[in-house]
Amino acid sequence: MLECLHITTRADVAAARQQARAEAVQAGLSPTRAEDIAIVATELTTNILKYAGTGCFLAQVMPQPMGVSLALIAFDDGPGIDDLDRMRQDRISEGDSAGIGIGAIERLSDRAEIVTGPTGTVWACRFDTADVTRPHGLDIAGLRLSHPTETVCGDVWGTTEHRGGVRLVLADGMGHGDSAAEAGQAMVDGALHRPMHPPKQRLLQIADDLKRTRGGVMSLLDLQPGALRVDYGNLGNISAFYLRRGDQKRLATRDGYIGSPAARPMEERIDLEPGDTFVLHSDGLRTVGPEDTRPLFGQSALMTAALLMANRDLYRRDDISVAVAHWVRSDD
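Following the working numbering, the numbering of the sequence shown begins with 3 at its first residue and continues without gaps.
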């Protein structure tokens, strides 16, 4: 599912349920688990109608270093949920919903998070296949949306485990549509194929491999908690920043694109600290400023991505993608 489903009527709730079930099957989850996910989708979207009147719903399969996860995201611009603790009790729900309440959303999900307040509510629910792990304490998530006129997305992200850490990569195929999607996937596949090669070397290899294709831009992070470092590589306008102890720190980018004969990727090494969150996003989002990052501190990787996707003031008319890595503190 590469577009947000707008929730305005009960018919949209039924559509969300069907889409969530279909994505669960695509993720390889069991039929029983798919029905749990359909119930959660029903509750999330019914709550949008109840508390906000309108909102958006997204069901999307996310790659993991091992296995895959399914994300259910729901967000609205309503007044928020006042009595969240009471609503967490099972069976407290809207009459036309599945009748299980917010408490059961949290129980049926492998992880369910909510951020709610006077400017709206964001839900991020995650369901993992049995082989999903969190290697080296790294929490990985990402979301993407296609251009409003397309059914495929030129923004692609991926991740893999490598010695001592995890590689996270995000690519934006030039333009949008089928050719952009093919270019984006080729770049990500290339970056994940040889994870032992450092970022700059791998980007140079990919640039050479794809120099006669449409190409695109990409950023790559090698997060290595054991060595307390991150190796970062970039070519083109994929934005990157990290959050640490209440501050946002931007990473540099270099003009150019994969596929250009003159491609000159850059590389940088950053210290890694427990609790750090690293974010990559395409130019489908405008520049994410300090005021946009305030809600992100202390959130999981998936909720970080969901909050950015819910901030529609950041949208440009383009493919949109966000990929996030959070090094979980021992007390998280």
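Using N, Cα and C, we set each Cβ at its ideal position, and we do this for glycine too.
CB-CB under 8 Å to Met198, same chain, minus the five flanking residues each way: which ones, in chain order? His164, Arg165
What are the boundary residues of the beta strand (DSSP E) that includes Ser181? It is not in any beta strand (DSSP E) - Ser181 instead sits in the alpha helix (DSSP H) that spans 180-195.
Rounded separation between Arg252 and Leu223 - CA only: 14 Å
Between the alpha carbons of Arg288 and Ser241, how many angstroms are there, rounded? Rounded to the nearest whole angstrom, the CA to CA distance from Arg288 to Ser241 is 9 Å.
Given Phe59 as reference, the closest of Ile41, Gln203, Asp78, Val70 once Cα atoms are compared: Asp78
Tyr244 (DSSP reduced to helix, strand or coil): Strand at Tyr244.
Exposure of Ala193, with buried meaning 16 or more beta-carbon neighbours within 10 Å: buried
State the DSSP-derived secondary structure class of Arg169, mapped to helix, strand or coil. strand
Is the separation between the beta-carbon of Val70 and that of Thr131 shorter than 8 Å? yes
Span of the alpha helix (DSSP H), counted from its first residue to its last, around Gln66: Element bounds for Gln66: n/a, residue is neither H nor E.
Leaving out five residues before and five after Leu205 in sequence, what residues of the same chain have Cβ atoms less than 6 Å from its Cβ? Gly235, Leu237, Pro267
State yes or no: is the C-beta of Ala173 within less than 8 Å of the C-beta of Gly218? yes
Among Gly179, Asp157, His178, Pro201, whose alpha-carbon lies nearest the alpha-carbon of Arg169? Comparing Cα positions, the closest option is Pro201.
Coil, strand or helix - Leu309 by DSSP: helix
Are the beta-carbon atoms belonging to Leu316 and Val281 less than 8 Å from one another? no
Distance between Ala209 and Ala13 (C-alpha atoms, nearest Å): 46 Å
6 Å Cβ shell around Ala29 - same chain, five flanking residues per side excluded: Val63, Val70, Leu72
Taking buried to mean at least 16 other C-beta atoms within 10 Å of its own C-beta, is Pro65 buried or exposed? buried
Whether Val15 touches Thr56 by CB criterion (8 Å): no
His328, buried or exposed, once every other Cβ within 10 Å from all chains shown has been counted against 16: By the 10 Å Cβ count, His328 comes out buried.
How is Asn49 classed by DSSP in three states: helix, strand or coil? helix
Just the C-alpha distance for Phe243 and Gln250, rounded to the nearest angstrom, thanks. 7 Å
What are the residues that DSSP puts in a beta bridge with His164? Partner(s): Gly167.
Do Ala307 and Val324 have their CB atoms nearer than 8 Å? yes
Output yes or no for whether 8 Å exceeds the beta carbon distance between Gly258 and Leu212. no
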